[in-house]
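Asker: Residue numbers (my numbering): 642 to 799.
We put the CB at the ideal spot given by N, CA and C, even for glycine.
Below is the structure I would like to discuss, written out as structure tokens.
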Ligand SMILES: CC(C)(COP(=O)(O)OP(=O)(O)OC[C@H]1O[C@@H](n2cnc3c(N)ncnc32)[C@H](O)[C@@H]1OP(=O)(O)O)[C@@H](O)C(=O)NCCC(=O)NCCS
């Protein structure tokens with residue numbers, strides 16, 4: 642990852658920038674609107690790490706949510722100009738550390754089976770496929786459900 646990138650937490654002031662990332666990362670029908678992101682940013686039991694460049698501009702963001710002992714990755718998107726440099730990995734690692742520190746025992750996510758960059762990232766960080774959801778993203782667009790066990794005592798020490 643570029644040394645000038647920092648990870649902090651997204652705020653409501655970042656919504657416009659995040660919606661710009663949504664446009665680069667998702668087809669119109671599956672884009673989140675501002676209200677959805679605000680719910681993540683301001684919700685209890687949520688964590689929304691943001692990666693910023695040296696101008697403070699948001700170049701990647703993710704949204705995690707905790708349900709008892711299970712954390713979900715709800716969203717992750719990185720500016721295309723910054724992909725393939727570990728920004729997604731840094732955001733996901735921040736979420737894994739948050740989840741483990743919050744007492745979660747595992748993290749779950751859904752990913753379209755054909756989304757190779759996302760699958761590569763998730764597999765590299767130890768997620769394994771546990772089942773699938775047929776037509777989850779539309780006709781013939783199945784979702785893989787992936788899981789990663791967490792170590793509440795050791796996650797932050799990786
Ligand atoms: C998925 C996403 C967040 C990854 O962000 P990133 O900053 O590029 O992540 P990283 O650099 O940490 O890792 C990206 C991985 O994708 C791989 N990759 C990049 N482009 C690829 C491509 N066209 N085909 C296959 N793999 C690709 C990289 O090589 C890397 O894997 P590797 O290091 O094991 O080889 C980013 O691609 C994105 O925003 N996609 C659009 C939104 C999206 O699909 N979100 C996930 C929804 S489940």
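If you scan the stretch 751 to 783 from start to end, which runs of the alpha helix (DSSP H) of 4 or more residues do you find wholly inside it?
Answerer: Listed in chain order, they are 757 to 765.
Asker: Just to check, is the beta-carbon of residue 768 closer than 7 Å to a non-hydrogen atom of ligand 1?
Answerer: The answer is no for residue 768.
Asker: If you measure between the beta carbons of residue 733 and residue 760, is that distance less than 8 Å?
Answerer: The answer is no: Cβ separation not under 8 Å.
Asker: Going by C-alpha to C-alpha distance, which of 713, 696, 785 and 649 sits closest to residue 745?
Answerer: The residue with the shortest Cα to Cα distance from residue 745 is 713.
Asker: What does the alpha-carbon distance come out to for the pair residue 772 and residue 667?
Answerer: Looking at the two C-alpha atoms, the distance is approximately 23 Å.
Asker: Select from 723, 775 and 674 the residue whose C-alpha is nearest the C-alpha of residue 660.
Answerer: The residue with the shortest Cα to Cα distance from residue 660 is 674.
Asker: Skipping 5 residues on each side, what residues in its chain have a beta carbon closer than 8 Å to that of residue 649?
Answerer: Here the set comprises 690, 691 and 693.
Asker: How far does the beta strand (DSSP E) with residue 701 in it reach, from first residue to last?
Answerer: 699 to 708 is the span of the beta strand (DSSP E), which, as asked, contains residue 701.
Asker: Using 7 Å as the cut-off, classify the Cβ of residue 734 as near or not near the heavy atoms of ligand 2, replying yes or no.
Answerer: Looking at this structure, you won't find ligand 2 anywhere; what it does contain is ligand 1.
Asker: Which same chain residues end up closer than 6 Å to residue 647 when comparing Cβ atoms and leaving out the 5 residues on each side of it in sequence?
Answerer: Closer than 6 Å at Cβ, skipping near neighbours: 693.
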